[in-house]
Each structure stands twice: as C-alpha cells, then as structure tokens.
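Residues 3 to 456 (the numbering used here) make up the sequence shown, in order. Cβ atoms here follow ideal geometry from the backbone N, Cα and C, with glycine treated the same way. Here is the structure we will look at.
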Amino acid sequence: MATYEIDMTSGNLAAKLLKFSVPLMFSGILQLLYNAFDIIVLGQFSSRDAMAAVSSTSSLVSLFVNFFLGLTLGSTVLMSRYFAAKDQENCQKTVSTTIITSVIVGVIVSILGATLSRYMLILMNATPNLIDMSTTYLQIYFSGIIFNIIYNFGAALLRAVGDTKRPLIYLSIAGVLNVCFNLLFVCVFNLNVIGVALGTIISEAVSAILVIITLVRGPEYLKINIKNLQFDKKILKSIFLIGIPASLQSVIFNISNVMIQANINSYGDIAVAGNGVASSLEGFVYAAMNAVYQAQVSFVSQNVGANKLKNVPKITGLAHGYVFLANFVFGSIILLFPSFFVSLYNKDPQVLSYANERMLIMIGTYFLCGFMDVCSGGLRGLGYSSISTIITVVGIVGFRVGYIYTIYELNPSLFSLYLSYPISWVVTWIISLTVLIIIYRKMLNRKNELVTIK
Numbered sequence: 003m004a005t006y007e008i009d010m011t012s013g014n015l016a017a018k019l020l021k022f023s024v025p026l027m028f029s030g031i032l033q034l035l036y037n038a039f040d041i042i043v044l045g046q047f048s049s050r051d052a053m054a055a056v057s058s059t060s061s062l063v064s065l066f067v068n069f070f071l072g073l074t075l076g077s078t079v080l081m082s083r084y085f086a087a088k089d090q091e092n093c094q095k096t097v098s099t100t101i102i103t104s105v106i107v108g109v110i111v112s113i114l115g116a117t118l119s120r121y122m123l124i125l126m127n128a129t130p131n132l133i134d135m136s137t138t139y140l141q142i143y144f145s146g147i148i149f150n151i152i153y154n155f156g157a158a159l160l161r162a163v164g165d166t167k168r169p170l171i172y173l174s175i176a177g178v179l180n181v182c183f184n185l186l187f188v189c190v191f192n193l194n195v196i197g198v199a200l201g202t203i204i205s206e207a208v209s210a211i212l213v214i215i216t217l218v219r220g221p222e223y224l225k226i227n228i229k230n231l232q233f234d235k236k237i238l239k240s241i242f243l244i245g246i247p248a249s250l251q252s253v254i255f256n257i258s259n260v261m262i263q264a265n266i267n268s269y270g271d272i273a274v275a276g277n278g279v280a281s282s283l284e285g286f287v288y289a290a291m292n293a294v295y296q297a298q299v300s301f302v303s304q305n306v307g308a309n310k311l312k313n314v315p316k317i318t319g320l321a322h323g324y325v326f327l328a329n330f331v332f333g334s335i336i337l338l339f340p341s342f343f344v345s346l347y348n349k350d351p352q353v354l355s356y357a358n359e360r361m362l363i364m365i366g367t368y369f370l371c372g373f374m375d376v377c378s379g380g381l382r383g384l385g386y387s388s389i390s391t392i393i394t395v396v397g398i399v400g401f402r403v404g405y406i407y408t409i410y411e412l413n414p415s416l417f418s419l420y421l422s423y424p425i426s427w428v429v430t431w432i433i434s435l436t437v438l439i440i441i442y443r444k445m446l447n448r449k450n451e452l453v454t455i456k
C-alpha cells in the first residue's frame with residue numbers, strides 16, 4: 003500500500019481518524035483563508051466599504067462552495083467503498099467520471115454565477131452603496147470558480163483512499179500565492195476588490211493543476227488517462243445519488259444563512275462588516291470540525307465496503323469527541339483574543355463590537371453544529387444521503403424560517419437573530435442521531451443493505 007494511503011477498517015481507529023482529520027483541518031482552514039485574506043487586505047490597505055462589500059458576499063460564496071463540497075461526497079463515498087473492496091475497475095471509472103463531471107459543472111456554474119451575481123445580491127437586500135463593488139468581486143470570482151470545483155473533486159478522490167497530505171501541500175502553495183497576489187494587486191496596482199478576486203482565482207488555478215498532475219501520475223486505481231477518459235453513467239448516477247442530497251443539504255443550510263444575512267443587512271454597513279468579520283473567524287472553527295465530518299464519511303464508507311459495520315458506532319463516537327475538541331481548541335483561541343483577531347480585518351471599535359456580539363453566541367455553541375454534521379456524515383457513509391437532507395430541511399430551514407417569522411419578529415435584535423443558530427443545531431442533531439441509530443441497527447440484520455445507496 004502506498005505511503006499516502008490509510009487503512010480505515012482495522013487497527014487503531016482513534017489514531018487513524020485523528021491522523022486523517024488533522025491535514026483536512028488545515029486544508030479547510032487554508033481554503034477559508036482565500037476569502038479571509040481578501041477581507042483582511044481590503045480592511046488594512048483599502049477601505050471599510052471595500053471590506054464590507056466582500057464580507058457581504060461570504061454567505062453567497064459559501065452557498066456555492068458548500069454545494070460542490072457536498073457533491074464531492076458522492077465521489078468520496080463511492081471511491082472509498084470500491085477501494086476497500088479492492089475493485090480497481092470501478093475505482094478507475096469513478097476517477098474518470100468525477101473529473102469529467104467537475105469540468106462540465108465548473109463551466110456551467112462559471113457562466114451562471116458571473117451572469118446572475120447582481121441579481122443574487124439584490125435578493126439579499128445588499129446595501130446600495132456596496133452593491134457595485136460586491137457585484138464586481140462576485141463576477142470575477144465566479145469566472146474562475148471552475149478551478150475551485152476541479153480541485154475539490156480531485157482532492158475528494160485522494161482523500162477517499164486516505165491521502166490528505168498532498169491536498170494540504172497544494173493548498174499551502176496556493177495560499178501563499180493568494181497572499182502575494184492580493185498584496186501585489188491591492189497595494190501596488192490599487193485594484194481594490196478586483197485585485198483580491200484575481201488573486202483568489204489565480205491561486206485556486208494552481209491548486210487545481212497540482213491535483214490533476216497527481217492523478218495523472220497516480221497508481222492504476224487512482225490514475226487519470228487523459229487520452230482515454232471514461233464517462234460511466236452508472237457511476238455518475240451513484241455519485242449523484244449520494245452527492246446531490248448532500249449538496250442540496252448544503253444549499254438549504256446556506257439559504258437559511260442567506261435569509262439571516264438579509265436581516266443583518268438591515269442593521270447597516272457597520273453591522274454587516276462586523277458580522278462578516280465574525281463569520282470569517284467562525285469559519286476557521288467550523289473548518290476544523292468539518293474536517294472530522296469529512297474524515298468520518300470516508301471511514302464509515304470504507305468500513306461499509308469492507309463489510310465491517312461493527313466499526314461504525316466507534317467511528318461515530320470518536321468523531322463526536324474530536325468535533326468537541328476542535329471547537330474547544332480553535333474556539334478558545336479566538337474568544338480569548340477577539341480584539342487581536344478582529345483587528346486583523348478592521349480596527350474600527352464598532353466593527354469589533356458587532357463581531358463580538360455574534361462570536362460569543364456562535365463559537366461558544368459551535369460544537370452542536372459539529373455533532374449535527376457527524377450524524378449526517380454517518381447516514382451518508384451508510385448510503386442514506388437523502389434522509390440526511392430531509393432531516394436538515396426540517397431541522398434547520400424549517401425551524402429557522404419559523405423562528406424568524408415568530409420569535410424574531412416579537413423581539414427583533416441581532417442577539418435574537420443569532421440565537422436561531424444553536425437552537426436549530428440541537429433540534430437537527432437529536433433527530434439525526436435517532437435516525438442514525440435506527441438505520442444502523444436495521445443494517446446489521448440485512449446483508450444486501452451494504453451495497454445499497456438511498
């Protein structure tokens with residue numbers, strides 16, 4: 003077995019899950035730094051309006067990025083199962099179909115995103131004095147989003163067989179380039195939001211190219227043969243059966259965030275800037291927890307493929323523990339030094355005040371969101387992606403919409419608005435955990451259930 007691979011079905015699963023998760027954590031953090039450095043550079047070397055303009059696009063950018071991260075889970079689950087079952091033919095078909103799909107989807111989204119940027123911002127009640135800059139940023143960003151999509155699909159294939167190191171290395175290289183280009187375009191050429199958008203897509207292009215080169219030079223089961231790419235309809239169907247529900251869950255999850263952002267926009271530019279900074283900082287905590295979720299999906303999937311269902315409860319329990327630890331470690335660092343971290347983005351005392359108000363509620367309870375994701379990941383790894391999506395619609399979107407039009411309407415304040423997050427996480431976690439336990443117990447008594455995707 004190659005050095006980069008991890009056997010996720012035997013041995014010390016606690017150590018292996020942690021070993022797998024840590025590079026994923028830093029990979030997720032580096033991806034977030036693309037947007038964070040955009041905001042930081044503009045806040046320090048441009049204007050508050052430019053910073054707020056990019057900040058106000060964060061929830062919309064997250065909506066699209068998380069949609070494709072959800073879709074890549076289909077490739078992760080399928081590749082993990084075939085790899086564990088030592089099915090080289092289907093491994094190759096999965097790799098080839100995944101890469102072709104990423105290119106096609108990337109082109110479509112680039113065109114649609116760049117065309118519809120302004121209309122989406124209008125729907126979010128973007129403030130009039132920021133909408134032009136926000137639109138410019140989004141149009142350039144979407145023009146190059148194909149590179150982000152190709153990287154994430156390619157990295158998902160590598161992670162499915164246990165390789166989390168090389169995707170991290172490639173993101174590190176791209177991250178350094180992103181900082182350099184941002185500083186060059188903003189500080190030297192004074193390109194403002196155009197500069198940070200260009201810096202992001204150039205650096206993402208580099209990471210995409212590096213992943214493709216790795217797959218072209220990879221072992222047979224993981225190799226891309228550019229001259230003989232295969233598009234397998236059955237493989238695509240299986241990827242979509244898992245990935246589309248996961249993507250829809252991400253979209254639905256983020257639509258509720260966009261609704262909340264629309265309400266935040268009504269509090270003015272400074273509130274938008276403070277909320278954007280807090281959201282960016284919280285993203286680093288979430289990235290650490292989400293890494294555990296992604297690792298858990300791969301581990302559960304490989305154990306399903308290897309017919310070792312008995313490992314699933316242990317993996318899920320470990321994931322809960324690691325999520326809590328990630329929230330505690332990364333969250334504590336931010337909450338202990340909020341002024342320092344917020345000042346990296348903007349030194350305005352009012353921005354700090356608004357950012358603190360959000361972070362105290364969100365970061366202190368973020369592990370509940372991680373618990374919710376872990377249970378969702380368990381369902382996906384077992385093949386029940388659609389059920390996870392349904393639960394999220396009910397627990398997250400249904401609850402938050404009801405909350406906004408009832409409790410928030412009775413007590414309209416930012417504190418009341420932010421409180422909708424942890425309450426909805428608890429509701430969804432309890433439902434997901436209950437359903438996960440029921441399905442797992444049923445699968446133990448069904449031999450054919452192991453190859454079924456629902």
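Report buried or exposed for residue i, applying the criterion of at least 16 other Cβ atoms within 10 angstroms of its Cβ.
i	result
ILE148	buried
VAL218	exposed
PHE191	exposed
SER205	buried
LYS18	buried
SER355	exposed
ILE237	buried
GLY276	buried
ARG443	exposed
ARG458	This structure cannot speak to residue 458, because the chain is shown only from 3 to 456.
ALA4	For ALA4, the predicted structure reports a pLDDT of 48, less than 50, and the residue's modelled location is therefore unreliable. A value from the coordinates is still provided. Exposed, because fewer than 16 other Cβ atoms sit within 10 Å of the Cβ of ALA4.
Considering only the beta carbon of each residue, do residue i and residue j sit closer than 9 Å?
i	j	result
ILE266	VAL274	yes
ILE151	VAL208	no
GLN304	ARG161	no
GLY76	ILE246	yes
VAL43	LEU185	yes
SER378	SER388	no
GLU284	MET364	yes
LEU173	SER29	yes
GLY72	SER258	no
LEU65	SER252	yes
ALA55	TYR139	yes
VAL287	ALA321	no
When you compare each of the options to residue i by their alpha carbons, which one comes out closest?
i	options	result
ALA293	ALA328, GLY307, ASN309, GLN304	ALA328
MET53	VAL344, THR78, ILE175, PHE66	VAL344
TYR269	LYS225, LEU416, SER112, TYR172	LEU416
VAL97	ILE254, LYS167, LEU320, LEU159	LEU159
GLN46	VAL302, ASN194, ILE8	ASN194
ILE406	GLU91, TYR420, ILE214	TYR420
ILE102	GLN298, LEU170, THR117, ASN230	ASN230
MET291	ASN68, VAL314, CYS371	CYS371
In chain order, what residues of the same chain lie with their CB nearer than 7 Å to the CB of residue i, ignoring the 5 residues before and after it?
i	result
VAL181	PHE39
LEU452	With a pLDDT of only 43 at LEU452, under 50, the local geometry of the prediction cannot be trusted, and no value is derived from it.
THR202	TYR36, ASP40, TYR143, ASN180
GLY397	SER426, VAL429, THR430, ILE433
THR454	At THR454 the pLDDT is 49, less than 50, meaning the model places this residue with poor confidence; the figure from the coordinates comes in the next sentence. Cβ within range, chain order: GLY385.
Which residues in the same chain have their Cβ closer than 6 Å to the Cβ of residue i, if we skip the five residues on either side of it in sequence?
i	result
GLY307	ARG83, ALA86, ALA87
THR318	GLY380
ARG120	THR137
ASN450	Because the pLDDT at ASN450 is just 47, under 50, the model does not fix this residue reliably, and the value given afterwards should be weighed accordingly. Cβ within range, chain order: n/a, list empty.
ASP234	LYS95, THR99
GLU7	VAL163, GLY164
THR166	PHE22, PRO25, LEU26
ASN358	PRO340
In chain order, what residues of the same chain lie with their CB nearer than 8 Å to the CB of residue i, ignoring the 5 residues before and after it?
i	result
ASN127	ALA264, ASN267, SER268
LEU311	ASN305, TYR442, MET445, LEU446, LEU452
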